[in-house]
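For the numbering used here, add 454 to where a residue sits in the sequence shown, where the first one is 1.
Where is the CB? At the ideal position from N, CA and C, for every residue including glycine.
To keep things clear, I will list the structure first and then write my remarks on it.
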Amino acid sequence: MTSDTSPAPASPSPETAAGTAPPAAPTGSTGSGAKPEPADDLVTTSHTVDTPMGTLRYTATTGRVVLRDEVYEDGVFTGNTAKAEMSVTAYVLDGADPTTRPVTFAFNGGPGSSSVWLHLGVMGPRRVLMGDVGALLAPPYAIAENPQTLLVESDLVFIDPVSTGYSRAVEGGKPGEYHGYAKDLDSVGELIRLWTTRNGRWMSPKFLAGESYGTLRAAALADHLQERYGMYLNGVMLISSVLDLGSIGLHEADDRACVAFLPTYAAVAHYHGLHPGRSLPEVLADAEEYAEREYPWVLARGMRLTEEEVDAAASRIAGLTGLSVDYVRRSNLRIEHLRFFTELLRTRGLSVGRLDSRFTGPAGSGTAEMYDADPSHDAIAGPYAAAFNHYVRADLGYANDLHYEQVSERVNPWSYKEFEGRDVNVAPRLARAMRRNRHLLVHVAYGYLDGATPYFAAQGVLAHLTIPAELTDNIEHAYYEAGHMMYVHEPSRLQQSADLAAFVRRAATQAAR
């Protein structure tokens with residue numbers, strides 16, 4: 455990969471390659487001694503990347519874009535007030551027709567996560583080299599070209615929500631205003647509108663790609679962008695999907711979550727050798743059948759179960775999950791997921807990863823109820839931090855002394871006030887977006903070894919979308935023998951790259967007809 459780095463201009467130019475023009479001058483004068491108005495600080499660089507389709511020449515633009523709110527006082531418009539500065543990295547193929555060239559807006563989840571994972575894990579033109587289970591590289595790790603980048607099919611815009619990455623509230627602003635479901639949608643949606651408008655991309659096929667909580671954001675954004683701006687999308691990519699937080703018992707564990715996790719527990723037990731002589735498809739079919747039929751009935755019976763029924767259920771659950779019958783009985787037949795990852799390999803002195811259950815790590819305590827750290831996050835965090843902090847300065851030419859918040863705790867507590875008294879569930883918004891725009895296609899990516907957003911729960915939520923039967927063909931499903939960030943597993947990364955590219959091609963081709 456080659457690059458030609460241009461220094462940041464003193465003030466952003468309307469001709470910046472990513473097309474982000476400076477904002478209109480705010481209403482009113484700052485006056486002598488007043489703090490200067492925030493301004494975009496974008497940097498533009500030129501690059502190439504070698505792919506199976508040939509060498510791509512593209513322009514990268516990275517930095518921060520100022521978001522402004524319209525201010526009204528007593529019904530009178532008084533100006534646009536700078537509220538936040540959001541970090542963004544955009545990759546645009548040189549010489550492409552903007553009316554036919556797709557563009558994908560991508561973000562991760564958390565809440566509180568930056569976009570570094572999708573950016574340097576699977577989609578962007580550079581990727582992290584970190585090794586994998588049993589063969590992790592030593593610090594300081596490495597970064598390399600990504601020949602499978604989605605840039606082959608689509609321009610890419612990676613977005614860091616407020617308080618993640620380099621995104622912050624303006625000086626004197628209140629970041630907490632953005633730490634919630636509704637304001638997060640507003641700010642990310644506004645950045646998408648700004649980028650699309652300033653770059654002349656309203657006629658481009660447009661896609662959203664979200665991971666984890668980013669799938670909840672993407673599903674709701676599909677509806678929000680249509681409702682607020684009349685911006686209709688061509689596709690939504692849901693990677694490690696969770697549209698209904700109640701389906702995984704995020705805020706309060708219940709029987710539905712216990713059922714949803716069971717097939718994932720079985721897959722994890724299989725990976726760690728606790729289903730000898732059986733294939734993964736056999737194990738999953740067995741677990742799914744029990745989870746779909748008998749297990750919900752067992753849990754619904756509660757204290758009405760006979761001792762014989764309890765014994766039978768405990769034996770069945772233990773056989774599927776790799777746990778002891780005694781542990782299952784003591785858990786009242788209901789296995790909480792963090793306890794599962796702590797218990798499964800306790801006799802080996804190991805904890806199992808939640809984000810990616812292929813990973814294990816030494817248990818901090820042999821008697822702890824729950825592990826003290828997720829071994830998979832421990833393995834992944836360092837390589838991505840090193841790669842991005844090097845890449846953003848050395849290759850993209852962007853210098854900022856702020857800490858790049860890879861995963862920020864400052865967003866907590868996250869506000870779900872719009873869902874008070876009920877589960878946080880955006881599936882109805884995705885269904886509404888699909889009913890309104892019957893050309894909207896949806897790609898869903900599942901990791902069998904994802905202990906954060908279990909695949910069986912996501913399947914169940916999508917199976918209950920209130921859409922006409924003919925629109926079910928608009929949803930495609932892809933499965934990987936990997937975890938939450940399935941692209942950490944090299945065979946899955948290669949397959950997922952091909953699957954995402956094929957999805958974008960399919961949706962863009964439909965748009966061209």
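What do you get for Arg-970, buried or exposed, if any count of 16 or more other CB atoms within 10 angstroms of its CB means buried? The displayed coordinates of the chain run from 455 to 967. Any statement about residue 970 would go beyond what the structure contains.
In whole angstroms, what separates the C-alpha of Ala-674 from that of Met-657? Put simply, the backbone Cα of Ala-674 is about 22 Å away from that of Met-657.
To the nearest angstrom, how far is the alpha carbon of Pro-476 from that of Ala-493? In this predicted model, Pro-476 has a pLDDT of only 43, less than 50, meaning its place in the structure is not dependable enough to derive any value.
Can the beta-carbon of Leu-916 be found less than 8 Å from the beta-carbon of Gln-602? no
Kindly give me the distance between the Cβ atoms of Val-582 and Gly-588, rounded to whole angstroms, as I take these residues to be in contact under 8 Å. In fact, because the Cβ distance is near 17 Å, the residues do not count as touching under 8 Å.
What's the C-alpha gap between Arg-671 and Thr-760? 44 Å
In chain order, what residues of the same chain lie with their CB nearer than 6 Å to the CB of Pro-750, ignoring the 5 residues before and after it? Val-713
Sort Ala-822, Pro-829, Arg-758, Gly-517 by Cα distance to Arg-793 and report the nearest one. Ala-822
On a Cα-Cα basis, can you pick out the residue from Leu-639, Glu-863, Gln-964 that is closest to Arg-682? Leu-639
Selection from Glu-665, Arg-622, Ala-955 that minimises the alpha carbon distance to Val-519: Arg-622
Taking the DSSP output, what are the residues bridged to Ile-929? DSSP output for Ile-929 lists Val-896 as bridge partner(s).
Backbone CA spacing between Glu-790 and Ala-707 [nearest angstrom]: 8 Å
What is the residue span of the alpha helix (DSSP H) that Lys-637 lies within? Where Lys-637 is concerned, the enclosing alpha helix (DSSP H) starts and stops at 635 to 652.
Extent of the continuous beta strand (DSSP E) run through Arg-518: 508 to 527
Decide if the region 555 to 573 is in contact with the region 875 to 887; the criterion is three or more beta carbon pairs, one per stretch, under 8 Å apart. no
Between the C-alpha atoms of Met-757 and Tyr-744, what's the straight-line distance to the nearest angstrom? 20 Å
Extent of the continuous beta strand (DSSP E) run through His-501: 497 to 505
Please classify Tyr-909 as buried or exposed, where buried requires at least 16 neighbouring CB atoms within 10 angstroms. buried
For Pro-816, list the residues DSSP reports as bridge partners. Leu-804
For Leu-679 and Arg-732, the rounded distance between their alpha carbons: 46 Å
Report the three-state DSSP secondary structure of Ser-951 (helix, strand or coil). helix
For the alpha helix (DSSP H) holding Phe-715, just list the boundary residues, first then last. 709 to 725
Between His-897, Val-722, Ser-830, Gly-700, which lies nearest to Ala-980 when the distance is taken from Cα to Cα? Residue 980 is absent from the structure shown; the chain starts at 455 and stops at 967.
Examine the Cβ distances between the region 763 to 775 and the region 715 to 722 and report whether three or more of them are shorter than 8 Å. A contact exists between the region 763 to 775 and the region 715 to 722.
Report the residue from Gly-630, Lys-660, Asp-828, Asp-832 whose alpha carbon sits nearest the alpha carbon of Glu-863. Gly-630
Answer with buried or exposed for Ser-483, where buried requires no fewer than 16 other C-beta atoms within 10 angstroms of its C-beta. Below a pLDDT of 50, predicted positions are generally treated as unreliable, and Ser-483, at 39, falls in that range; the measurement from the model is reported next regardless. Exposed: under 16 other Cβ atoms inside 10 Å.
Determine the direct distance from the alpha carbon of Asp-828 to that of Ser-819, and round the result to whole angstroms. 14 Å
Any idea what DSSP makes of Leu-884, helix, strand or coil? helix
Can you round the beta-carbon distance between Ala-936 and Leu-903 to whole angstroms, since I take them to be within the 8 Å contact cut? 6 Å
Inter-residue CB distance, Glu-924 and Phe-957 (contact presumed, cutoff 8 Å): In fact, because the Cβ distance is near 19 Å, the residues do not count as touching under 8 Å.
Can Met-691 and Ile-613 be called in contact, C-beta distance under 8 Å? no
Just to check my reading of the structure: Glu-599 and Val-752 have Cβ atoms closer than 8 Å, yes? What is that Cβ distance to the nearest angstrom? Contact flag wrong, Cβ pair sits at about 52 Å.
Is the beta carbon of His-938 less than 8 Å from the beta carbon of Ala-906? Less than 8 Å divides the Cβ of His-938 from the Cβ of Ala-906.
For Thr-535, which option in Val-624, His-844, Asp-765, Tyr-934 has the closest C-alpha, if you only look at C-alpha atoms? Among Val-624, His-844, Asp-765, Tyr-934, the Cα nearest to that of Thr-535 belongs to Val-624.
Keeping to the same chain, check which residues put their C-beta closer than 7 Å to that of Glu-607; ignore five residues upstream and five downstream. Pro-556, Ala-955, Val-958, Arg-959
From Pro-506, Tyr-620, Leu-645, Tyr-595, residue whose alpha carbon lies closest to that of Leu-605: Pro-506
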